[in-house]
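Asker: Residue 376 in full-length UniProt numbering sits at position 376 of the sequence shown, and the numbers go up by one each step.
Sharing a structure with you now.
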Amino acid sequence: MESKSQRKTPSLISLKRIFEGTSEFTGQLFFRSLVKSLAEVLQVYGVWVTEYKTEENRLNALAFWLNGKFIEKYEYDVKGTPCEPVLGTKQICHIPNNVIKLYPSDPDLPPLGAVSYMGLALRGEDGRVLGHLALLDQKPMKEIPEVFLIFKIFASRAQAEIRRIHYENLLKQSEAKINRLLNGTMDAILELNSDLVIIQANEAAFKTFEAEEDNFLNKQVSNFLGKDSFQKILNTTPFLTTGNEQPASVWIQGHLKCLKTNGNFFPADATLSRYEYENNIFYALYIRDINEKLQNKKEIRKLTIETFLLKEQFSDQLSNNLVGKSDALKNVFVQINQVAPTDSTVLILGETGTGKELIAKEIHKRSNRRDKTFIAVNCAALPSDLIESELFGHSKGAFTGATENREGRFLLADNGTLFLDEIGELPLALQAKLLRVVQEGEFEPVGSSISRKVDVRIVAATHRNLKDAVKNKIFREDLFYRLNVFPISVPPLRERGVDILLLAETFLKKYCGKYGKSKLHLNNVNRHELLHYSWPGNVRELQNIIERAVITAQSGNLNIILDKNNNSRKTDTKKPDTVVTYDEMKKMEINNLQLALKISSGKVFGANGAAKLLGIPPTTLNSKLAKFGIKPGNNYL
């Protein structure tokens, strides 16, 4: 029988390292990181992800982690293995024990000492098997819901990546095919006279336009182009010459909209050339149908967005929702509800660690764009020479290493929300380009002269004083006013009162579950310490302190370690020579009484009671509570 130390049930929180380990990679590096991390978290002997070779009915491992190391070049026949039923179902295949007895013809299982197995097919959008994710162990594998959920989450991530690679390969194959067709004159080539009448065409042209000679030749080329596309041809001809001053061939900017004889349109890239023969002017129009190419690009973009959404979904599972009941936080919620349904630009202001990204996500979730993508960019985390490409994308050849076109975060967030964290760190040179996007929704990718139009709701955040940055000429004034349409100030934790205890309880529950400690509670001393600490690191610091306290707890007692240099709670007080009004004194007394009840869990009497904390008799405290209409008891637990 397995002990708890032999196999612990992992939680979603414990998988943070898998998420962090795989989020930066794609392709082979992603798969290697995934199988290694998954094996370590689930504590199994081996994990592998494969691609399926349909014609050969074989599985080729893209990455295989076994007994603490990678196995290279592993490929095997599917028939007679536990992987065979996996490829025939859309469900998880789980064999908790005796896998060798169930598949005696599998030659690889005995040397591995396999006892249990789990696998799930990775499929394309059409349902076709592209590969699978599997794990095996040398001990029985119980049916644990958490393990199943973890396995499904990362199988989905692996499926998205293998789909992306699949469509990327299709795109490369398509581009290679198009190049072969061009070199072999397989593109549609139309020979035009000076009046732009089609006088000759190759076989590829007849096939492309689904035409016959009698309904294609000696016809105006305008009959087979959209109105705007024909105008592009007319606008291009004056720039062509057979001399040395101007080119004899020009690529037509943008796509042409071509019309087949059956009435269907298709997009095409086109090049127009001019030549002269016996003093007559002729043109050659080279047309390449790019419908398949565009469709594959759309699929890649779709899968890229899907990858972002999966990361976001997992990130949401790792983070906490906004927790708190303080007036300061309630005011933030009021502002969120006011601005979320609009498309207004929002500027979130607050100290580091106050949860500005959570506010941005909450705005997105309550907006009309909730079903679209939420893309977050930390402007301070990106190198200055890459941030422009990261935000706006780049065209192939824009700079060294730009081997293909790349969409930036603005395009990925189209119709959704883009969160620009630490906007105050954005280089001054890029602020003008960002201003144009904010104002007009237009930008050019790096290395491109073609404007792209996007519909993006921008939420920015900063811990800096942008007004001072404007005065110091390190932040554009016009950009500041464009971003500062609806500012939301997130209160620091020290100003949120009892929210500190609510958050502490939330984090305590979270980390007790993560580290298997179920009987830890905050005592009155803990509460008093937390409430009277200044929290320079805000919620993030509180979370770290509670996690450390859970880890170091002994005999059911939390070991909360606070920075002694910050152990004095900062409060807003009036100057000594300022008269405090009666109402202000009354409010201060009520707040102090409620705080004492909170620390003492609602108790009035006893060594741990509120009266003891206040230094007054319990009867006096009861009189004060009755006077102000404050009820002690379970309300303060």
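Glycine residues also receive a C-beta, built at the ideal position from the N, C-alpha and C atoms.
Here the structure is a predicted model, which means the values were calculated and not measured.
#1: Classify T50: buried if its beta carbon has 16 or more other beta carbons within 10 angstroms, exposed otherwise.
#2: For D195, count the other beta carbons within 10 Å of its own beta carbon; 16 or more makes it buried, fewer makes it exposed. Which is it?
#3: Residue ranges of each beta strand (DSSP E) run of no fewer than 3 residues wholly in the region 447-505, ordered along the chain?
#4: Apart from the five residues on each side of it in sequence, which residues of its chain come closer than 8 Å, Cβ to Cβ, to E390?
#5: Are P82 and G131 close, meaning C-beta to C-beta below 8 Å?
#6: According to DSSP, which residues form a beta bridge with W251?
#7: Please go through the same chain and pick out, in chain order, the residues whose beta-carbon is closer than 8 Å to the beta-carbon of E357, but skip the five residues on each side of it.
#8: Thinking just about the alpha-carbon of each residue, which of F148, Y286 and V456 is nearest to the one in T342?
#9: Alpha carbon to alpha carbon, how far is I551 from I561?
#10: Give me the Cα-Cα distance between K603 and L530, rounded to the nearest whole angstrom.
#11: Keeping to the same chain, check which residues put their C-beta closer than 7 Å to that of Q220; ignore five residues upstream and five downstream.
#12: Can you list, in chain order, the residues of its chain whose CB lies under 8 Å from that of G606, leaving out five sequence neighbours each side?
#13: To the nearest whole angstrom, what separates the beta carbons of R452 and E440, a pair I think is in contact under 8 Å?
#14: Please report the straight-line C-alpha distance between residue 638 and F282, rounded to a whole angstrom.
#15: Whole-angstrom Cβ separation of G80 and D106, contact assumed at under 8 Å?
#16: Can you give me the C-alpha to C-alpha distance between K396 and D371, rounded to a whole angstrom?
#17: Would you mind giving the Cβ-Cβ distance between L259 and L225, rounded to the nearest angstrom? I have them listed as a contact below 8 Å.
#18: Near I199, which residues of its chain fall below 6 Å by C-beta distance, leaving aside the five closest residues on each side in sequence?
#19: For K586, which of P617, N559, F628 and A596 has the nearest alpha-carbon?
#20: How about N526 and L558: are their beta carbons less than 8 Å apart?
#21: Considering only their Cβ atoms, is the gap separating V459 from A360 smaller than 8 Å?
#22: If we ignore side chains and look at the alpha-carbon of each, how far apart do L508 and R496 end up?
#23: The ligand SAM and P111: does any heavy atom of the ligand fall closer than 7 Å to the residue's C-beta?
#24: Can you tell me whether DSSP reads L196 as helix, strand or coil?
#25: Over the uninterrupted alpha helix (DSSP H) stretch that includes K361, give me the two end residues.
#26: Once you ignore the five residues that flank P618 on each side, which residues in its own chain have a CB closer than 8 Å to its CB?
#27: How many angstroms separate the CA atom of Q594 from the CA atom of T581?
#28: Can you give the Cα-Cα distance for E351 and L329, rounded to whole angstroms?
#29: How many angstroms separate the CA atom of N622 from the CA atom of H528?
#30: Taking Cβ to Cβ, would you say A188 is nearer than 8 Å to I287?
#31: What does the Cβ neighbour count give for A432, buried or exposed, with the cut at 16 atoms within 10 Å?
#32: Looking at the C-beta of L479, does it have a partner C-beta in chain C at a distance below 8 Å?
#33: Tell me which residue opens and which closes the beta strand (DSSP E) that I590 is part of.
#34: On the CB-based measure, 16 or more other CB atoms within 10 Å of its CB, does K36 come out buried or exposed?
#35: Can you say whether Q138 is buried or exposed, counting buried as having 16 or more other CB atoms within 10 angstroms of its CB?
#36: Whose CA, out of G353, S344 and Q253, lies closest to the CA of L322?
Answerer: Here's the rundown:
#1: buried
#2: exposed
#3: 457-462 and 486-489
#4: V377, L382, G408 and R409
#5: no
#6: T271
#7: A376, F419, D421 and A461
#8: V456
#9: 12 Å
#10: 19 Å
#11: L196 and V197
#12: K612
#13: Not confirmed; about 11 Å, so no contact.
#14: Past the edges of the chain, shown from 1 to 637, lies residue 638, and the structure says nothing about it.
#15: 6 Å
#16: 31 Å
#17: 6 Å
#18: E191 and N193
#19: F628
#20: yes
#21: yes
#22: 18 Å
#23: This structure does not include the ligand SAM; it has no bound ligands of any sort.
#24: coil
#25: K356 to K365
#26: V604, F605, G609 and A611
#27: 20 Å
#28: 14 Å
#29: 21 Å
#30: yes
#31: exposed
#32: No chain C appears in this structure, which consists of one protein chain only.
#33: No beta strand (DSSP E) holds I590; the alpha helix (DSSP H) holding it covers Y582 to I599.
#34: buried
#35: exposed
#36: G353
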